[in-house]
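What follows is a short report on a single structure.
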Amino acid sequence: MRREIPMIVAFVAGVIIILEFFVPTLRNVAGQLQKWYLVVVAFAILVGAFNLLRMNYMKVRGRRVDWPYSIVLIVGLFAMTIVGIGWGIGQGTVFDWLFNYLMFPMSSTMFALLAFFVASAAYRAFRARTVDATLLLVAAVIVMLGQVPIGSIWVPSWWPDSLVFLTPDWLKDRIMNIFNTAGQRAILIGASLGVVSTALRILLGIERSYLGEE
Amino acid sequence: MKFVRWLADIDRRIIFVVIAVAVVVPLLFPLGMRVKVTPQTQTIYDEVENLPGGSNVLVSFDYDPAAAPEVHPMALAFLHHCFQKKHRVIIMALWPQGAQMAVSAMAEINRDFDLEYGRDYVNLGYKPGGAIVIKSLGNSFAEIFPKDMAGRSTATLPLMEDVSNLYDVDLVMDLSAGVPGITEWVIIANALFQTRTAAGCTAVSAPQFFPYLQTGQLIGLLGGLKGAAEYETVTAYAGKASPRMDSQSVAHVVIIVFILFANISYFILRRKREEGSGGPTARPPTSA
Numbered sequence: 001m002r003r004e005i006p007m008i009v010a011f012v013a014g015v016i017i018i019l020e021f022f023v024p025t026l027r028n029v030a031g032q033l034q035k036w037y038l039v040v041v042a043f044a045i046l047v048g049a050f051n052l053l054r055m056n057y058m059k060v061r062g063r064r065v066d067w068p069y070s071i072v073l074i075v076g077l078f079a080m081t082i083v084g085i086g087w088g089i090g091q092g093t094v095f096d097w098l099f100n101y102l103m104f105p106m107s108s109t110m111f112a113l114l115a116f117f118v119a120s121a122a123y124r125a126f127r128a129r130t131v132d133a134t135l136l137l138v139a140a141v142i143v144m145l146g147q148v149p150i151g152s153i154w155v156p157s158w159w160p161d162s163l164v165f166l167t168p169d170w171l172k173d174r175i176m177n178i179f180n181t182a183g184q185r186a187i188l189i190g191a192s193l194g195v196v197s198t199a200l201r202i203l204l205g206i207e208r209s210y211l212g213e214e
Numbered sequence: 001m002k003f004v005r006w007l008a009d010i011d012r013r014i015i016f017v018v019i020a021v022a023v024v025v026p027l028l029f030p031l032g033m034r035v036k037v038t039p040q041t042q043t044i045y046d047e048v049e050n051l052p053g054g055s056n057v058l059v060s061f062d063y064d065p066a067a068a069p070e071v072h073p074m075a076l077a078f079l080h081h082c083f084q085k086k087h088r089v090i091i092m093a094l095w096p097q098g099a100q101m102a103v104s105a106m107a108e109i110n111r112d113f114d115l116e117y118g119r120d121y122v123n124l125g126y127k128p129g130g131a132i133v134i135k136s137l138g139n140s141f142a143e144i145f146p147k148d149m150a151g152r153s154t155a156t157l158p159l160m161e162d163v164s165n166l167y168d169v170d171l172v173m174d175l176s177a178g179v180p181g182i183t184e185w186v187i188i189a190n191a192l193f194q195t196r197t198a199a200g201c202t203a204v205s206a207p208q209f210f211p212y213l214q215t216g217q218l219i220g221l222l223g224g225l226k227g228a229a230e231y232e233t234v235t236a237y238a239g240k241a242s243p244r245m246d247s248q249s250v251a252h253v254v255i256i257v258f259i260l261f262a263n264i265s266y267f268i269l270r271r272k273r274e275e276g277s278g279g280p281t282a283r284p285p286t287s288a
């Protein structure tokens with residue numbers, strides 16, 4: 001029964017949510033299910049936080065690799081929770097101060113480091129070894145130039161309209177609006193079909209990985 | 001030839017230093033390059049301009065501090081424009097840290113406007129659940145957000161008296177750095193409830209939303225720092241994105257020059273190898 005009951009719940013809930021789109025009388029039932037979902041998600045966050053705490057506590061206790069970082073995580077988790085619950089999270093609170101002057105700059109810095117690795121990776125990887133690689137390289141250079149103001153300022157004001165197709169701006173727009181959009185749409189349609197088939201497999205009990213099965 | 005070999009396998013720390021200089025110098029000595037406004041930015045501006053004063057605009061802060069250098073400037077420029085046009089703004093977040101980003105944004109916006117909380121804007125805070133939250137907003141705001149971020153009953157807020165569900169929202173602006181984000185707002189708010197939807201996101205994720213622009217499901221899209229700078233330009237808002245575009249411009253040119261050097265050295269070495277071995281050889285790529 002530990003397997004059958006979750007499968008029945010998934011099937012009934014899934015079918016009601018799908019049918020709601022076609023049978024308006026099911027809207028109230030579907031609405032109720034959605035409210036339950038939001039409650040379950042809220043509890044899932046709590047479970048996630050406890051799991052994070054437990055994993056890092058075990059790491060510190062076992063003195064595993066990089067265990068000092070786990071202490072930072074545990075201290076941070078408790079500090080933010082205590083000041084948030086104790087003194088609120090609005091403007092001017094301790095929580096707000098910690099967020100703005102610790103969390104904000106540290107997270108932004110981590111993301112900003114990407115620029116350096118992208119530059120290094122571009123240097124090593126963007127080489128015209130094959131026709132495909134050359135196409136990728138040329139497209140990347142055009143988009144990089146067209147994406148920033150410097151890409152359009154080198155075009156003089158007297159540049160003839162008949163030669164506009166030679167400017168990075170024009171070329172970038174064509175790459176993004178035609179080639180990129182076509183490719184993205186194909187990916188989107190393919191992924192959507194995959195979602196539909198996976199949803200059907202879950203509803204019919206063929207896909208059971210969400211139950212912890214292989 | 002020694003120099004070409006050195007160039008081909010240049011120490012990545014040299015690349016890091018050059019990029020750092022390329023980013024920092026234009027920040028210290030701005031070049032003042034003019035940002036060209038693209039149609040996908042102009043349509044968002046036009047939409048906000050053409051809404052009658054007092055319209056309800058929902059701004060969803062679906063990003064965290066990591067994406068803030070790109071997305072936060074567009075939040076500031078967009079909110080500034082909305083309040084300039086006397087629109088009423090409902091703020092919410094599908095990301096845990098999004099609500100706090102909104103607090104930071106409103107702290108800056110409040111310096112320029114005399115806004116009254118509850119009448120001019122509300123911050124409903126974070127709600128987990130992604131697409132289901134949006135779908136439930138189609139039925140009722142009060143049920144999903146019985147209290148605002150500060151714990152006040154939303155029923156007592158004058159702004160929310162006129163907003164019962166998504167049908168009462170004139171424009172949704174989703175500022176997103178991932179999932180849940182733009183896709184969820186498009187497929188639920190726009191497709192299901194016909195709410196006019198615009199979006200802003202990081203530059204790296206912008207290309208995947210172009211199909212929604214072409215179909216009209218998104219009325220406009222601000223992509224990365226450039227999108228933010230464009231919105232600042234079109235609204236004449238003195239924000240942080242436009243000056244930062246100088247840095248991005250120079251960094252892009254430096255990366256292109258690096259790519260050029262890498263390819264020159266690659267072809268010189270390949271020719272040398274072909275001459276030595278009597279035929280073309282392939283060299284395995286080195287790691288980043």
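Quick mapping for you: the protein sequence lines, in order, are chains F and P.
Those letters in the first sequence? Residues 1 to 214, per our numbering, in order.
Those letters in the second sequence? Residues 1 to 288, per our numbering, in order.
Beta carbons are placed, not taken as given, at the ideal position from N, Cα and C, and that holds for glycine.
Cβ proximity to chain P below 7 Å picks out N180, T181, Q184, R185 and L188 from the segment 180 to 204 of chain F. Using a C-beta cut-off of 8 Å, the segment 58 to 76 of chain P makes contact with the segment 226 to 245 of chain P, since at least three inter-stretch Cβ pairs fall below that distance. The count of Cβ pairs closer than 8 Å, one atom from the segment 91 to 105 of chain P and one from the segment 91 to 107 of chain F, reaches three, so the stretches are in contact. Closest in C-alpha terms to N263(P), from the list L211(F), V155(F), A122(F) and I153(F), comes A122(F).
Around the C-beta of R196(P), 16 or more other C-beta atoms lie within 10 Å, and the residue is accordingly described as buried.
With its beta carbon less than 9 Å from one in chain F, T38(P) belongs to the interface. Apart from the 5 residues on each side of it in sequence, Y266(P) sits with its Cβ closer than 7 Å to the Cβ of A8 in its chain, given in chain order. The segment 10 to 22 of chain P makes no contact with the segment 28 to 38 of chain F: fewer than 3 CB pairs, one atom from each, lie closer than 8 Å.
By the C-beta density criterion, M33(P) is buried, having at least 16 other C-beta atoms within 10 angstroms. As the crow flies, the alpha-carbon of D66(F) is around 9 Å from that of V60(F). With a cut-off of 8 Å on Cβ pairs, the segment 128 to 146 of chain F is not in contact with the segment 38 to 45 of chain P, counting fewer than three such pairs.
For Y266(P), a Cβ of chain F is located within less than 9 Å of the residue's own Cβ. Relative to V257(P), the option among L137(F), S152(F), G212(F) and W158(F) whose CA is nearest is L137(F).
In terms of Cβ geometry, P180(P) and G130(P) form a close pair [threshold 9 Å].
Bridge pairing for I91(P): V59(P) and N123(P) [DSSP].
Proximity of chain P to Y37(F) at the Cβ level (cut-off 7 Å) is accounted for by G129 and I132, in chain order. Closest in alpha carbon position to P26(P), among Q97(P), I268(P), Q208(P) and M245(P), is M245(P).
When only Cα atoms are considered, M58(F) and V17(P) end up about 39 Å apart. A contact between stretches requires three or more CB pairs, one per stretch, nearer than 8 Å, and the segment 156 to 176 of chain P meets this requirement with the segment 186 to 201 of chain P.
Sequence-distant partners of E143(P) (beyond 5 residues in either direction) whose C-beta falls short of 6 Å from its own C-beta are missing from its chain.
The Cβ atoms of V71(P) and T202(P) lie closer than 9 Å to each other. Against chain F, a Cβ distance below 7 Å from D62(P) picks out nothing, because the smallest value is about 15 Å. DSSP assignment within the segment 196 to 268 of chain P yields the following whole beta strand (DSSP E) runs of 3 residues or more, N-terminal first: 197 to 201 and 221 to 223.
A direct Cα-Cα distance of roughly 17 Å separates A42(F) from G84(F). DSSP, read as helix, strand or coil, puts L175(P) in strand. Taking the Cβ atoms as the reference, F21(F) lies roughly 33 Å from A67(P), outside the contact range of under 8 Å. Per DSSP, T81(F) is one residue of the alpha helix (DSSP H) stretching across W67 to W87. Cβ atoms of P168(F) and L204(F) stay farther apart than 8 Å, at about 51 Å. Spatial neighbours of W170(F) in its own chain (CB-CB distance under 7 Å, excluding positions within 5 residues in sequence) are listed in chain order as V164. Nearest CB-CB separation between H80(P) and chain F: not below the 9 Å threshold. Sorting H87(P), L269(P), E108(P) and S55(P) by C-alpha distance to the C-alpha of Q91(F) places E108(P) at the top. Contact note: N51(F) does not reach chain P at a C-beta cutoff of 7 Å; the least C-beta distance is about 16 Å. Boundaries of the alpha helix (DSSP H) around V41(F): R27 to R61. Per DSSP, the unbroken alpha helix (DSSP H) holding Y45(P) starts and ends at P39 to N50.
The beta carbons of I142(F) and K172(F) sit closer together than 9 Å. Identification of residues in the segment 113 to 126 of chain F having a C-beta nearer than 9 Å to some C-beta of chain P yields L114, A115, F116, F117, V118, A119, S120, A121, A122, Y123, R124, A125 and F126, given in sequence order.
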